[in-house]
Amino acid sequence: MTTTRTTQAWQAADAAHYLHPFTDFKSLAAKGSRVIVKADNIYLWDSDGKKILDAMSGLWCVNVGYGQRELIDAATRQLETLPFYNSFFQTATPPAIELAELLAELTPPQFQHVFFSGSGSEGNDTVVRMVRRYWDLLGRPERQVIISRNNAYHGSTMAGASLGGMSGMHAQGGLPIPGIAHIEQPFWFELGRGESRDEFGLTAARWLEAKIQEIGADKVAAFIGEPVQGAGGVIVPPDTYWPEIQRICDRHGILLVSDEVICGFGRTGRWFGCERFGVRPDLMTFAKGVTSGYVPLGGVMVGQRIADVLIGQGGEFNHGYTYSGHPVACAVALANLKLIRREGLVERVRDDIGPYLAERYAELARHPLVGEAQTCGLMGALQLVKDKAAGTTFDPALEVGMVCRAHCFASGLIMRAVGDRMIVAPPLVMTRAQIDEMVELIAKCLDLTAAELTARGWR
Ligand code: PXG
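Quick note on our numbering: the sequence shown kicks off at 48 and runs consecutively.
Below is the structure:
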């Protein structure tokens, strides 16, 4: 690979051959991609040599930051010793076995088994297969339906996108697949402002009970949710929400699946988001932070209730991937998780850097453009509004979030825009000084956005 081409040459070759995910191919080809050439700690550099603060940890995954020598060495050593072997046909490799053992130790006690995949989407495909297999083995094959939520993100494979609640995704390719139902999300700012947050948490959870009654509990297999919706806009549910969801699942005997692809491995200030919200899932999907994104890996933690049936009853589970338990990915995950544990990064998010981010976000909440500021561990959301006092939102056609995002890029900050919700999920290794640097950049970009909107007649 050469890094000596000019930006223009990279963009031309990219436009000629490379189809990017979730992209309008035609307009990107006309505009040209941003080409990132290197990274260190929490910073990226593009092909023009511009330094950028990566407030999104790559794509919610580089939890330990870029350039961690232990992860690089673990990958190199494993590539030299055994770059690949599979886990089919009664075989295993030492890194996959050791990682399974370590995950059993780090996850809540009901999890003693893991099924590996290559990504979060594949993990959720495994969830669908495994949940239905579980009920089949119990002689209840009619328990098929998995309930999820609007605006959830569970991946982009056929099952992942079906479980997800993104209407734009359902509109392409005939989704959702059969046997998936959706309820509304616990998004207080959009749906709950007539009630207190805590009351709304209960209301939103009871939408699950209503859906179960509509379908018939004897047909429902599982409920799946992200502890905090990530791609949907860092929507932090009221504290009353998850315990009520747990109560409803227990009452109807329904499996509870926590999609920890974003919330896992320290993001919320606990090892797993379900621990932050006090729920006890039967399955947990993970990916991203398990390797800090250095190499692809995902999987599903399988709780005792399901393991007892899958293992206890015997019979082959006809499912798996070439890269299930890839030894290089597992070796990197081991190095990554040991680093997170040794450096106390999870506790640091819980006790120090997470509360500090919350403190600084409370200041951003005072900005005239900001209608709501929320954080959870090292995730943050700023809801941009037209009228702060009334909490009214902008006309979506104005694409105010995209206006703000453009100012962020121009100012050397990567922040995501989900509609008019500006979100961050920075690396867990952020220092307080780096949080200050990020918050000052965000404040500057909010000012620039406000100035541009004012020039366009905002107020
Ligand atoms: N579950 C959750 C909760 C996720 O956030 C997936 C599953 C799928 O994982 P894979 O590894 O198959 O991508 C995700 C992925 C965004 C964005 O724009 C978020 C994700 C992926 C791509 C973009 O915020 N999350």
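Ideal Cβ positions, reconstructed from N, Cα and C, are used throughout, including at glycine.
Taking C-beta atoms as the reference points, Met348 and His201 fail to come closer than 9 Å.
In this structure, the alpha-carbon of His366 lies about 8 Å from that of Thr173. With a 10 Å radius around the Cβ and a threshold of 16 neighbouring Cβ atoms, Thr128 comes out exposed.
For Ile309, the Cβ falls inside the 8 Å cut-off from some heavy atom of the ligand PXG. The beta carbon of Asn88 sits closer than 8 Å to those of Gly112, Tyr113, Gly114, Pro474, Val476, all from its chain and outside the five residues before and after it, given in chain order.
A direct Cα-Cα distance of roughly 51 Å separates Ile358 from Val417.
In the three-state scheme derived from DSSP, where H, G and I count as helix and E and B as strand, Val356 is classed as helix. DSSP places Cys296 in the helix class (H, G or I) of the three-state scheme. DSSP, reduced to helix, strand and coil, places Gly336 within a helical segment of the structure shown. By the neighbour-count definition (other C-beta atoms within 10 Å, threshold 16), Tyr65 is an exposed residue. For Leu118 and Lys385, the gap between their C-alpha atoms comes out near 10 Å. Pairwise C-beta distances place the region 396 to 407 in contact with the region 309 to 324, as three or more of them are shorter than 8 Å. Within its own chain, the residues whose Cβ lies closer than 8 Å to the Cβ of Gly220, once the five positions on either side in sequence are excluded, are Met205, Ala208, listed in chain order. Looking at the backbone, the Cα of Val82 and that of Met216 are separated by about 26 Å.
In this structure, the ligand PXG has no non-hydrogen atom nearer than 8 Å to the beta-carbon of Leu416. Straight-line spacing of the CA atoms in Ile227 and Ser195 works out to 7 Å.
Closer than 8 Å to some heavy atom of the ligand PXG: that describes the Cβ of Phe69. In chain order, Leu146, Val337, Thr338, Leu344 place their CB closer than 7 Å to the CB of Ala380, counting only its own chain and leaving out the 5 sequence neighbours on each side. Per DSSP, Val175 is one residue of the alpha helix (DSSP H) stretching across 167 to 184. Rounded to the nearest angstrom, the Cβ distance from Leu460 to Leu488 is 4 Å, consistent with a contact under 8 Å. Per DSSP, the unbroken beta strand (DSSP E) holding Ile470 starts and ends at 468 to 471. Distance from the Cα of Ala412 is smallest, within the candidate group Leu404, Leu429, Glu261, for Leu429. At least one heavy atom of the ligand PXG sits closer than 8 Å to the Cβ of Asn171.
With respect to the 9 Å criterion, Val267 and Trp107 are not classified as neighbours on the basis of their beta carbons. Between the beta-carbon of Phe247 and that of Pro285 there is about 6 Å, and that keeps the pair under the 8 Å contact cut.
Bounds of the alpha helix (DSSP H) holding Arg407 are 401 to 411.
The DSSP-derived three-state label of Ile489 is helix.
According to the DSSP assignment, Gly279 belongs to no beta strand (DSSP E), since it is labelled neither H nor E. Remark: C-beta atoms of Phe333 and Gly350 do not approach each other more closely than 9 Å. Closest in alpha carbon position to Ser168, among Ala151, Val109, Arg190, Lys335, is Lys335.
The beta carbon of Ile282 is closer than 6 Å to those of Phe234, Gln276 in its chain, skipping five residues each way along the sequence. Per DSSP, Glu419 is one residue of the beta strand (DSSP E) stretching across 417 to 423. Residue ranges of uninterrupted beta strand (DSSP E) with 3 or more members, entirely inside the region 127 to 164 and ordered along the chain, are 158 to 164.
With three or more CB-CB distances shorter than 8 Å, the region 362 to 378 counts as touching the region 134 to 146. Given a length threshold of 4 residues, each whole run of the alpha helix (DSSP H) inside the region 193 to 218 is given here in chain order: 205 to 210, 214 to 217.
The region 66 to 79 makes no contact with the region 97 to 104; the number of CB pairs closer than 8 Å stays below 3.
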